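>
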Amino acid sequence: AKKDSNILDLYPGPQKSEMKLLKELDKLMLSGNFIRLIEEAEKAIERFPKNRVFYTMKAIAHSQVRQIEESLSTLRLAEEVFPNDREILFELARTYKDAFDFENAEKYFKMSYQLTPKGTGTRARTVSRNSANYTGNTIAAGGARILETGNQGKSPEH
Numbered sequence: 018a019k020k021d022s023n024i025l026d027l028y029p030g031p032q033k034s035e036m037k038l039l040k041e042l043d044k045l046m047l048s049g050n051f052i053r054l055i056e057e058a059e060k061a062i063e064r065f066p067k068n069r070v071f072y073t074m075k076a077i078a079h080s081q082v083r084q085i086e087e088s089l090s091t092l093r094l095a096e097e098v099f100p101n102d103r104e105i106l107f108e109l110a111r112t113y114k115d116a117f118d119f120e121n122a123e124k125y126f127k128m129s130y131q132l133t134p135k136g137t138g139t140r141a142r143t144v145s146r147n148s149a150n151y152t153g154n155t156i157a158a159g160g161a162r163i164l165e166t167g168n169q170g171k172s173p174e175h
């Protein structure tokens with residue numbers, strides 16, 4: 018394959034090409050080739066606008082190269098296309114956290130949590146992962162809020 022080849026050209030046809038394209042983009046993600054991943058994910062979104070994974074991969078790649086506003090822009094677009102998708106909402110929360118916008122991070126973590134199925138163990142893992150990650154990063158960033166059930170998001174002195 019030529020160095021400038023378009024990954025999309027390698028896989029004509031609808032479903033098989035979409036899965037193969039996902040695998041190719043995953044290889045770019047795993048290899049750390051985030052700039053190329055952003056370019057190819059953009060093309061993939063144009064071709065398969067109803068595949069939320071392409072939006073997520075593009076947003077994560079933007080975050081990896083510290084293009085937080087571009088990541089948020091991609092995720093906001095994804096939220097319009099997939100308004101109740103807990104994975105998109107979770108990525109929005111994480112990206113807002115990375116941008117030190119803890120108010121929006123908390124909002125989107127809660128929205129994602131509310132859409133996580135009860136009784137599957139996923140919800141408990143999501144809460145545990147999110148609260149520990151969010152709380153630790155909030156404290157590390159000098160924020161006063163702590164997400165714990167006991168103080169319901171109030172600072173420790175309340």
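First residue of the sequence shown: 18, per our numbering; consecutive thereafter.
We put the CB at the ideal spot given by N, CA and C, even for glycine.
Since this is a predicted model, take the numbers as computed values, not measurements.
1) I'd like the span of the alpha helix (DSSP H) that includes Asn101, first residue to last.
2) Specify the secondary structure class of Gln81 as computed by DSSP and reduced to three states.
3) What are the boundary residues of the alpha helix (DSSP H) that includes Asn68?
4) By how many angstroms is the C-alpha of Met36 removed from the C-alpha of Asn116?
5) Do you know how far the Cα of Ser88 is from the Cα of Ile77?
6) Three-state secondary structure (DSSP) at Lys135?
7) Whole angstroms are fine: how far does the CA of Asp43 sit from the CA of Leu106?
8) Can you list, in chain order, the residues of its chain whose CB lies under 7 Å from that of Val144, leaving out five sequence neighbours each side?
9) Beta-carbon separation of Asn121 and Leu109 under 9 Å?
10) Report the rounded CA-to-CA distance for Glu41 versus Ala95, giving the unit in angstroms.
11) With DSSP run on the structure shown, which of helix, strand or coil describes Met36?
12) Give the single residue among Leu54, Lys60, Phe99 whose Cα lies nearest to the Cα of Gln81.
13) Going along the chain, which residues of its own chain have a beta-carbon closer than 7 Å to the beta-carbon of Met128, five neighbours each way excluded?
Short version:
1) Here the question's residue 101 lines up with position 84 in the sequence shown. No alpha helix (DSSP H) contains Asn101, which DSSP labels as neither H nor E.
2) In the sequence shown, residue 81 corresponds to position 64, counting from 1. Correct three-state label for Gln81: helix.
3) Here residue 68 corresponds to residue number 51 of the sequence shown, with the count starting at 1. No alpha helix (DSSP H) contains Asn68, which DSSP labels as neither H nor E.
4) The residue you call residue 116 lines up with position 99 of the sequence shown. The residue you call residue 36 lines up with position 19 of the sequence shown. According to the sequence shown, residue 116 is Ala rather than Asn. For Ala116 and Met36, the distance between alpha carbons rounds to 32 Å.
5) Stepping through the sequence shown from its first residue, residue 77 is reached at position 60. Stepping through the sequence shown from its first residue, residue 88 is reached at position 71. One C-alpha to the other measures close to 7 Å.
6) As a first step, residue 135 is located in the sequence shown; it is residue number 118 there, counting from the start. The answer is coil: DSSP assigns Lys135 none of H, G, I, E or B.
7) The residue labelled residue 106 in the question sits at position 89 within the sequence shown. The residue labelled residue 43 in the question sits at position 26 within the sequence shown. Leu106 and Asp43: Cα-Cα distance of roughly 21 Å.
8) One-based indexing of the sequence shown puts residue 144 at position 127. Only weak support exists for where Val144 lies, its pLDDT of 49 falling under 50; the value from the coordinates is given anyway. Excluding residues up to 5 positions away in sequence, Tyr130 lie with their Cβ nearer than 7 Å to the Cβ of Val144 in the same chain.
9) Indexing the sequence shown from 1 puts residue 121 at position 104. Indexing the sequence shown from 1 puts residue 109 at position 92. Yes, the Cβ-Cβ distance between Asn121 and Leu109 is below 9 Å.
10) Sequence index remark: in the sequence shown, residue 41 carries index 24 (1-based). Sequence index remark: in the sequence shown, residue 95 carries index 78 (1-based). Between Glu41 and Ala95, the C-alpha separation is close to 21 Å.
11) By 1-based counting over the sequence shown, the position of residue 36 is 19. In the structure shown, Met36 sits in a helix (DSSP, three-state: H, G or I).
12) In the sequence shown, counting from the first residue as 1, residue 81 sits at position 64. Per the Cα distances, Leu54.
13) By one-based count along the sequence shown, residue 128 stands at place 111. Around Met128: Leu106.
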